[in-house]
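Start counting the sequence shown at 100; every next residue gets the next number (our numbering).
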Amino acid sequence: MLEIVQIRKMFLFFAVCLLLFITVSAQKPGDKVEYKAQNWPEKWEVGTFVKTLPGGTQVLIREKPTEFFPDGSERAYALNEVRPIAKAPVNDPKTPPNPPDRPRDEEKGTDADQAGGPQLSQQDILTFLRNRLGVGDPFRNPQREQVLQQLREEILARGVNFRYSAIGDFSNQLGKFGALSNVTYPLHENFGAPAKLNSLFGKWSFAKVGAPGAPMFGNNGSMVINANGSYVWNTASGVINGKWRKATSDEMAESDKGGEGVVLLAAKSGSDWIAYKRNEEGPQGQGIMLQILPSHNLRERGTR
Numbered sequence: 100m101l102e103i104v105q106i107r108k109m110f111l112f113f114a115v116c117l118l119l120f121i122t123v124s125a126q127k128p129g130d131k132v133e134y135k136a137q138n139w140p141e142k143w144e145v146g147t148f149v150k151t152l153p154g155g156t157q158v159l160i161r162e163k164p165t166e167f168f169p170d171g172s173e174r175a176y177a178l179n180e181v182r183p184i185a186k187a188p189v190n191d192p193k194t195p196p197n198p199p200d201r202p203r204d205e206e207k208g209t210d211a212d213q214a215g216g217p218q219l220s221q222q223d224i225l226t227f228l229r230n231r232l233g234v235g236d237p238f239r240n241p242q243r244e245q246v247l248q249q250l251r252e253e254i255l256a257r258g259v260n261f262r263y264s265a266i267g268d269f270s271n272q273l274g275k276f277g278a279l280s281n282v283t284y285p286l287h288e289n290f291g292a293p294a295k296l297n298s299l300f301g302k303w304s305f306a307k308v309g310a311p312g313a314p315m316f317g318n319n320g321s322m323v324i325n326a327n328g329s330y331v332w333n334t335a336s337g338v339i340n341g342k343w344r345k346a347t348s349d350e351m352a353e354s355d356k357g358g359e360g361v362v363l364l365a366a367k368s369g370s371d372w373i374a375y376k377r378n379e380e381g382p383q384g385q386g387i388m389l390q391i392l393p394s395h396n397l398r399e400r401g402t403r
């Protein structure tokens, strides 16, 4: 009896896979389809079917246009992540039309945290480069620098779902496309979803950091960043009470960081300092980085 149940389950599984293949592969290049842009909460977007990829288990979809890709970027999706566009139901004249989707509350973990799209995987990044530069000799492609800049901007906008290491197969494959620090630095700095301003609010404890790559050492005071636009920085030289403004996207990009940050005005040494969220430090998994402007050559790292 157990074997019969298992056979039935296997038959059902293969039947579902076959149905998905028939349904998706029936699409023609240029047809509009829906692709799963986000797993949780589940979110589907309208894109364009490009082709079925070799092996028949994935299809290439041109995603909806974004600020960085006005024509939409192309990405491989599994068959169960793509579906034909359902016909819109005809509303009963007596029934009011469905209200438009409302943005989710930021306090509850918002869709805005994923405003640039889902976080990029290693496969997303390699597919992005292969689709635009090919696999022959990317260095001969006249668009290589432009494509790498586009990839950098996409990393800043979306973040990545893996921790980048300069040693390993993924790093080696990146090197074949000539990806330098303009790509690898953002990969290292943007693990997780781009941070929002409110993730910076509250108290942080600091340790001294020297030049980039130097270790932390000693107690170096604390800071409180308030939501009302003020901050209190307790330093070895005294307490600084100041104001902050939101950092511009260009200022964040100079730090190879996406998401939102603040600029502490007239802070330590009378200079402005940029502050942004880091995800991998501290007992609660929260960290903050400060860099002096405009040189970025002095840093202080905080945790909580």
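Every residue gets a Cβ at the ideal spot worked out from N, C-alpha and C, and that includes glycine.
Practice item. Identify which residue in M351, E141, S298 has its Cα closest to the Cα of Y284. Key: Measuring C-alpha to C-alpha distances from Y284 to each of M351, E141, S298 identifies M351 as the nearest.
Check your understanding: So what does DSSP say about T283, is it helix, strand or coil?
Key -> Here DSSP, grouped into helix, strand and coil, assigns T283 to helix.
Practice item. Name the residue from P183, A335, S348, F269 whose alpha carbon lies nearest to the alpha carbon of L255. Key: Among P183, A335, S348, F269, the Cα nearest to that of L255 is on S348.
Review point. What residues match up with L389 in a beta bridge as DSSP calls it?
Key: BP columns for L389 point to A374, E399.
Point to revise | Q157 (DSSP reduced to helix, strand or coil) | key: Correct three-state label for Q157: strand.
Practice item. Select from F227, G360, R174, R231 the residue whose C-alpha is nearest the C-alpha of G146. Key: Closest option to G146, Cα to Cα, is R174.
Practice item. Could you tell me if P164 is buried or exposed, where buried requires 16 or more neighbouring beta carbons within 10 angstroms of its beta carbon? Key: Residue burial is scored here from C-beta neighbours: P164 has fewer than 16 other C-beta atoms within 10 angstroms and is therefore classed as exposed.
Check your understanding: Can you name the start and end residues of the beta strand (DSSP E) that F148 belongs to?
Key -> Note, F148: beta strand (DSSP E), 142 to 151.
Review point. By DSSP, does L296 sit in helix, in strand, or in coil?
Key: In the structure shown, L296 sits in a helix (DSSP, three-state: H, G or I).
Point to revise | Straight-line Cα distance separating R229 from I373 | key: Straight-line measurement puts the Cα of R229 at about 35 Å from the Cα of I373.
Practice item. Can you say whether I184 is buried or exposed, counting buried as having 16 or more other CB atoms within 10 angstroms of its CB? Key: The C-beta of I184 has fewer than 16 other C-beta atoms within 10 Å across all chains shown, which makes the residue exposed.
Exercise for review: Report the option in F276, Y375, F261 whose CA atom is closest to the CA atom of L225.
Suggested key: Looking at the Cα atoms, F276 is the closest of the given residues.
Exercise for review: Return the chain-ordered list of same chain residues with a C-beta closer than 6 Å to the C-beta of R344, the five sequence neighbours on each side being excluded.
Suggested key: Non-local C-beta neighbours of R344 in its own chain, meaning closer than 6 Å and more than five positions away in sequence, comprise V362, ordered along the chain.
Practice item. Pull up the distance between the alpha-carbon of L397 and that of G267, whole angstroms please. Key: Approximately 30 Å, taken between the alpha carbons.
Point to revise | C-beta contact flag for W332 and A294 at 8 Å | key: No. Outside cutoff.
Review point. Using the beta-carbon count (16 or more within 10 Å), is N289 buried or exposed?
Key: In the assembly as shown, N289 is a buried residue. Its beta-carbon has 16 or more other beta-carbons within 10 Å.
Exercise for review: Quick one: using the 10 Å Cβ neighbour count with 16 as the cut-off for buried, is R251 buried or exposed?
Suggested key: The Cβ neighbour count for R251, taken over all protein chains shown within 10 Å, is at least 16; the residue is labelled buried.
Review point. Taking the continuous beta strand (DSSP E) assigned at N271, which residues delimit it?
Key: Premise fails: N271 lies in the alpha helix (DSSP H), 268 to 274, not in any beta strand (DSSP E).
**Study point:** Distance, N340 Cα to L273 Cα
**Key:** A straight-line Cα-Cα distance of about 45 Å links L273 and N340.
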